[in-house]
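Undergrad: Here the protein sequences come in this chain order: A and B.
Position one of the first sequence corresponds to residue 1 (our numbering), numbered consecutively onward.
Position one of the second sequence corresponds to residue 411 (our numbering), numbered consecutively onward.
Beta carbons: idealized from backbone N, C-alpha and C, even for Gly.
Just so we're clear, the structure is a prediction, and the values are computed from it rather than from any experiment.
Just dropping this structure here.
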Amino acid sequence: MFLFRLANFLVGYVTLALRGEAPEKLINMATARGIFLWDIYRTGSQEVRVKVRLSAVWPFLHLARLARCRFHVVGRAGLPFLWLRLVRRKGLLLGGVLFVTGLYILGSFVWSVDVTGNRRLAAQEVLEAAREAGLRQGVPRWSLDAAAVERALLERLPDLSWAGVYVRGTRVTVEVVEKVLPGERRQVFAHVVAKKSGLVKEVLVQSGHPLVKEGDTVVPGQILISGIIPPSREEESAGSPSPRHPTCVRAAGMVRARVWYEGYGEALLKESGQRPTGRRAVRACIKVGEREIILAGPRDVPFALYEASTTVKSLPGWRNLYLPVELVICSFNEMESYTVTRSRSEARQLAGERALEAAYRQVPKGAAVVHKQLDELVVKEPETVVRVKALVECVEEIGVEQPFDPGHSQ
Amino acid sequence: MPWQKWLKRVADLLEIPGDVMLNLPRIVLVGNLQAFIENHRGILEYNPQVVRVSISEGELEISGENLVLRNILPEEICVEGNIRAVAFR
Numbered sequence: 001m002f003l004f005r006l007a008n009f010l011v012g013y014v015t016l017a018l019r020g021e022a023p024e025k026l027i028n029m030a031t032a033r034g035i036f037l038w039d040i041y042r043t044g045s046q047e048v049r050v051k052v053r054l055s056a057v058w059p060f061l062h063l064a065r066l067a068r069c070r071f072h073v074v075g076r077a078g079l080p081f082l083w084l085r086l087v088r089r090k091g092l093l094l095g096g097v098l099f100v101t102g103l104y105i106l107g108s109f110v111w112s113v114d115v116t117g118n119r120r121l122a123a124q125e126v127l128e129a130a131r132e133a134g135l136r137q138g139v140p141r142w143s144l145d146a147a148a149v150e151r152a153l154l155e156r157l158p159d160l161s162w163a164g165v166y167v168r169g170t171r172v173t174v175e176v177v178e179k180v181l182p183g184e185r186r187q188v189f190a191h192v193v194a195k196k197s198g199l200v201k202e203v204l205v206q207s208g209h210p211l212v213k214e215g216d217t218v219v220p221g222q223i224l225i226s227g228i229i230p231p232s233r234e235e236e237s238a239g240s241p242s243p244r245h246p247t248c249v250r251a252a253g254m255v256r257a258r259v260w261y262e263g264y265g266e267a268l269l270k271e272s273g274q275r276p277t278g279r280r281a282v283r284a285c286i287k288v289g290e291r292e293i294i295l296a297g298p299r300d301v302p303f304a305l306y307e308a309s310t311t312v313k314s315l316p317g318w319r320n321l322y323l324p325v326e327l328v329i330c331s332f333n334e335m336e337s338y339t340v341t342r343s344r345s346e347a348r349q350l351a352g353e354r355a356l357e358a359a360y361r362q363v364p365k366g367a368a369v370v371h372k373q374l375d376e377l378v379v380k381e382p383e384t385v386v387r388v389k390a391l392v393e394c395v396e397e398i399g400v401e402q403p404f405d406p407g408h409s410q
Numbered sequence: 411m412p413w414q415k416w417l418k419r420v421a422d423l424l425e426i427p428g429d430v431m432l433n434l435p436r437i438v439l440v441g442n443l444q445a446f447i448e449n450h451r452g453i454l455e456y457n458p459q460v461v462r463v464s465i466s467e468g469e470l471e472i473s474g475e476n477l478v479l480r481n482i483l484p485e486e487i488c489v490e491g492n493i494r495a496v497a498f499r
């Protein structure tokens, strides 16, 4: 029906008022000849209004004369008449053309220039540089060479490491990236302290005064290499003019120590539980209000034992209005129950692996494992579980820098 | 009419709809708002109170108020308005 209406509008139609004693006869004749009529209604006892397509008007009027009906045109509608009206109104047409060309011409100028990405540099400075390179407000777009402006910006502003000029419609965005200059390093004084406890294996001092030696046991936070160097004996005996105050430095060096890590693991002699089999089923449904419509996937879960997970995707709301439609995707992973019986030695091996894994998890990167050891914890009464403790010995760097204020440490 | 009866029997046997076999009109009513008449033979009378349509045997009368012939095609007529009764004459 809508397509009929659309077609009628496209080809154009007229409304005719018919006067005569037998308009029904005329209508029958017209339909028999394939003339499409619609919206037929009687406005008075003598008059009937009929809509006819423009292409069928002449044959219809011919029939009307044959049927001795008088007629006149009451209304015209459709695209051809609109077109006629437009053609008649030259001013309107001219205005439309002027509007489109005006839009096109005005759209081919640069109307605003934005600067983004500048931090230290003022936007005005970048705009100034861009202006000299030929990019400013009001410049026609066809005369703008973005690559040349980029090059000119980089030449004129040495603080920039990169510049990009993007033309988006009538708006030009100048994106700049400033060079990151290395800041001056501040002189700080620092100790090297232990970050964990261990047995010192070697000490290598680059600057500072070592307070520990090989074989010492250290605790976390203990100063390993001090940033405060006491005056040396030679200096003292030489009686140098420098005062006897200790000198402060930023201590640096490497302190490697042996560190122990412990891990614990256990394994049951008889273990039972559930684990996924790897088979899964996915069901997608659309939920409208309270009703669920399954789009894909099974209606009933095909597994006896399963684990379900559900994700709900709903349409974004606007203000406090929400569409009550959401997509619900349920996935079911099949599970199976299992029972494993282990011999004591198997259980011990598994527990040992777990214990070692737990210990290794604490070992930092770059530490060298020098020794590892597994101990089974045995309790008096026999248990159904095997417990194993792992001990891992590593050699690693334990020193960290810790700044201090020389004024207060004295 | 034995020929018609015979045809109807054949139509029933073969489960062919009557409008195909016997050339009967098919009338679809949408509430009391619209009536679609297929397989008609033309319009006999039209005014806002009564529409009479010729069908293969006799005529069909639709009475009501503000009746409008929404469209007319060689095979179909659509009547809109406030339909009160559909009668075969």
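At what residues does the alpha helix (DSSP H) containing A:Lys90 begin and finish?
TA: Taken as a continuous stretch (DSSP letters only), the alpha helix (DSSP H) holding A:Lys90 covers 90 to 106.
Undergrad: Report the partner residues of A:Pro403 according to the DSSP bridge assignment.
TA: Per DSSP, A:Ala190.
Undergrad: Taking Cβ to Cβ, would you say A:Val328 is nearer than 8 Å to A:Thr341?
TA: Against a cut-off of 8 Å, the Cβ pair of A:Thr341 and A:Val328 comes out as no contact.
Undergrad: For B:Gly468, which residues in chain A fall below 9 Å Cβ to Cβ?
TA: Simply none; closest approach about 17 Å.
Undergrad: Looking only at DSSP bridge pairs, what is A:Ser207 linked to?
TA: BP columns for A:Ser207 point to A:Ala252.
Undergrad: Let me check understanding here. Comparing Cα to Cα, which of A:Gly169, A:Tyr264, A:Glu326, A:Pro158 lies closest to A:Gly289?
TA: That would be A:Glu326, whose Cα lies nearest to the Cα of A:Gly289.
Undergrad: On the three-state DSSP scale, how would you describe A:Lys201?
TA: DSSP places A:Lys201 in strand when its eight states are reduced to three.
Undergrad: Name the chain A residues that come within less than 8 Å of B:Ile472, Cβ to Cβ?
TA: None at all; the shortest Cβ gap to chain A is about 14 Å.
Undergrad: Three or more C-beta pairs closer than 8 Å, one from the stretch 167 to 177 of chain A and one from the stretch 379 to 389 of chain A: is that the case here?
TA: Taking 8 Å as the limit for Cβ pairs, the verdict is that the stretch 379 to 389 of chain A does not touch the stretch 167 to 177 of chain A.
Undergrad: Rounding to the nearest angstrom, what Cα-Cα distance links B:Glu571 and B:Leu479 in this structure?
TA: This structure cannot settle anything about residue 571 of chain B, because the visible part of chain B is limited to 411 through 499.
Undergrad: Could one say the Cβ of B:Pro458 lies closer than 8 Å to chain A's Cβ atoms, at least one of them?
TA: Judged by the 8 Å Cβ criterion, B:Pro458 is in contact with chain A.
Undergrad: Measure the C-alpha to C-alpha separation of A:Glu214 and A:Lys372 and round it to an integer number of angstroms.
TA: The alpha-carbon atoms of A:Glu214 and A:Lys372 are separated by roughly 22 Å.
Undergrad: Give the residues of chain B in contact with A:Phe36, contact being defined as C-beta atoms less than 9 Å apart.
TA: The answer, in chain order, is Asn481, Ile482, Leu483.
Undergrad: Can you have a look at B:Val461 and say buried or exposed, based on whether 16 or more other CB atoms are within 10 angstroms of its CB?
TA: B:Val461 is buried by the Cβ-count criterion.
Undergrad: When you compare only the Cα positions, how much space is there between A:Ala358 and A:Arg258?
TA: In a straight line, the C-alpha of A:Ala358 is about 19 Å away from that of A:Arg258.
Undergrad: Could you name the residues that DSSP lists as bridge partners for A:His72?
TA: DSSP, once it has assigned bridges, lists A:Ala17 as partnering A:His72.
Undergrad: Taking A:Leu160 as the reference, which of A:Val180, A:Ser143, A:Gly75 has the closest Cα?
TA: With distances taken between Cα atoms, A:Leu160 lies closest to A:Val180.
Undergrad: With DSSP run on the structure shown, which of helix, strand or coil describes A:Tyr264?
TA: Reduced to three states, the DSSP call for A:Tyr264 is strand.
Undergrad: Hey, how far is the Cα of A:Val48 from the Cα of A:Lys90?
TA: Using only the alpha carbons, I get a separation of about 37 Å.
Undergrad: Starting from A:Ser439, follow the beta strand (DSSP E) in both directions and report where the run begins and ends.
TA: Nothing can be reported for residue 439 of chain A, as the shown portion of chain A is limited to 1 through 410.
Undergrad: Can you tell me which of the three DSSP states A:Ser409 falls into?
TA: Unreliable placement is indicated for A:Ser409, whose pLDDT of 45 sits below 50; the coordinate value is still reported in the next sentence. A:Ser409 falls in the helix class under three-state DSSP.
Undergrad: Beta-carbon of A:Arg19 versus every beta-carbon of chain B: anything under 8 Å?
TA: No - not a single Cβ of chain B is within 8 Å of the one on A:Arg19.
Undergrad: Going along chain B, which residues have a C-beta under 8 Å from A:Arg280?
TA: Correct list: empty, because the minimum Cβ distance to chain B is about 48 Å.
Undergrad: Between A:Arg319, A:Thr339, A:His245, which has its C-alpha nearest A:Gln274's C-alpha?
TA: It is A:Thr339.
Undergrad: By Cβ distance below 7 Å, which residues in the same chain neighbour A:Ser409 in space, the five residues on each side in sequence not counted?
TA: Reliability fails at A:Ser409, whose pLDDT of 45 lies under 50, so the model's placement of it is uncertain and the value that follows must be treated cautiously. Only Ile228 meet the Cβ criterion.
Undergrad: In angstroms, rounded to a whole number, what distance separates the CA positions of B:Asn433 and B:Asn449?
TA: About 7 Å.
Undergrad: For A:Cys69 versus A:Leu18, is the C-beta distance shorter than 8 Å?
TA: Yes, the Cβ-Cβ distance between A:Cys69 and A:Leu18 is below 8 Å.
Undergrad: In chain order, what residues of the stretch 441 to 453 of chain B put their CB closer than 7 Å to some CB of chain A?
TA: Here the close residues are Gly452, Ile453.
Undergrad: If you drop the 5 nearest sequence neighbours on each side, which residues of the same chain put their C-beta closer than 6 Å to that of A:Val203?
TA: Around A:Val203: Pro210, Val255.
Undergrad: Take A:Lys270 and list the residues in its own chain whose beta-carbon comes closer than 8 Å to its own, dropping the five residues that flank it on each side.
TA: Thr339, Val340, Thr341, Arg342, Thr384.
Undergrad: Using a C-beta cutoff of 8 Å, does B:Val478 count as contacting chain A?
TA: Yes - at least one Cβ of chain A is within 8 Å of the one on B:Val478.
Undergrad: Which whole-angstrom value describes the C-beta separation of A:Phe60 and A:Val73, a residue pair presumed to lie in contact below a C-beta threshold of 8 Å?
TA: That belief does not hold up - the Cβ atoms of A:Phe60 and A:Val73 are roughly 11 Å apart, past 8 Å.
Undergrad: Starting from the beta carbon of A:Glu24, find every residue of chain B whose beta carbon is closer than 9 Å, and list them in chain order.
TA: Under the 9 Å cutoff, chain B gives Gly452, Ile453, Leu454, Glu455, Tyr456, Arg462.
Undergrad: Can you list, in chain order, the residues of the stretch 268 to 302 of chain A whose Cβ is nearer than 9 Å to any Cβ on chain B?
TA: Of all residues in the stretch 268 to 302 of chain A, none has a Cβ within less than 9 Å of some Cβ in chain B.
Undergrad: Would you kindly work out how many angstroms separate the C-alpha atoms of A:Tyr13 and B:Gly468, rounded to a whole number?
TA: So the alpha carbons of these two residues sit roughly 34 Å apart.
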